[in-house]
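1405 is the number that my numbering gives to position 42 of the sequence shown; each next residue is one higher, with no gaps. Note that beta-carbon positions come from the ideal geometry of N, C-alpha and C, so glycine has one too.
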Amino acid sequence: MQPVQPPPRRSAPAQSVVVLDLEGVLVPEIWIAVAERTGVEALRRTTREEPNYDVLMAGRIELLSEHGLTMSLIEEVIASLEPLDGALEFLDELRSITQVIILSDTFEQFARPLMAQLGWPAIWCHQLLTTDDRITGYELRQQDQKAHAVRALQSLNFRVIAAGDSYNDTSMLAAADQGFLFHAPPNIIAEFPQFEALQEYGQLLSCLRGCLGHAGV
């Protein structure tokens, strides 16, 4: 009698995860809100205009020191912020069909109250260094952490779909299996035409559903 052969193995469809930027995509830009509260216009500069994150943060910390702006004041500003209109509904719907991770160059101290409003999605970000209620520095979780996170997820056999709006998102979009610009300003859209640019949550959700094949996880 011939031995019974096991049925051929079929490859399971790749599991997917969506990674999103935070500020400008789901919530307002924190530093712009601080600028509006304090009148320090130079704090309006963000990663939409400055591609070098270390240069940007060094300038911010210098401005905070120069104007005597405290961590407590920034926390007050953040406490007044709410998710962008439609962001929570978009995120809830997206999380019902796939896994979502927020990849942000913000800081744990800034993100915590905003994550509470968004239903506590996973967020990978950095840490601030403070002394006597003053921001004195910052500790990056990793240089170019967004792209590294995408590649790490891919090494775990996840298919990664990404969306962001700024210079510091473009390496993440390039590393992902599919990347979209979302709420990006004209200069970013013009400089990175290889990424489809979207402005409405409905558009982004439709594109993400298409990438996921409507199959969720």
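Which of the three DSSP states, helix, strand or coil, is assigned to Phe1521? Secondary structure of Phe1521 (DSSP, three-state): strand.
Looking only at C-alpha atoms, which of Ala1450, Leu1436, Gln1472 sits nearest to Gln1566? Closest option to Gln1566, judged by alpha-carbon separation, among Ala1450, Leu1436, Gln1472: Ala1450.
Taking contact to mean 3 or more Cβ pairs, one atom from each stretch, closer than 8 Å, check whether the segment 1418-1438 and the segment 1533-1545 are in contact. These segments do not touch.
Can you name, in chain order, every residue of its own chain whose Cβ lies under 6 Å from the Cβ of Pro1391, other than the five neighbours on each side? Closer than 6 Å at the Cβ level, and outside the excluded window around Pro1391, lie Leu1444.
Put Gly1482 into one of helix, strand or coil per three-state DSSP. DSSP, read as helix, strand or coil, puts Gly1482 in coil.
Using CA coordinates, which residue listed in Arg1504, Ala1479, Thr1499 is at the minimum distance from His1489? Selected option, being the one with the closest Cα: Arg1504.
Report back the beta-carbon spacing between Ile1441 and Leu1383 to the nearest angstrom; my notes put them in contact at under 8 Å. Incorrect: roughly 19 Å between the Cβ atoms, too far for contact.
Host alpha helix (DSSP H) of Asp1540 (start-end): That residue, Asp1540, is in no alpha helix (DSSP H); it is neither H nor E in DSSP.
Quick check on the burial criterion: 16 or more other C-beta atoms within 10 angstroms. Buried or exposed for Trp1394? Counting Cβ neighbours within 10 Å, Trp1394 comes out buried, since at least 16 surround it.
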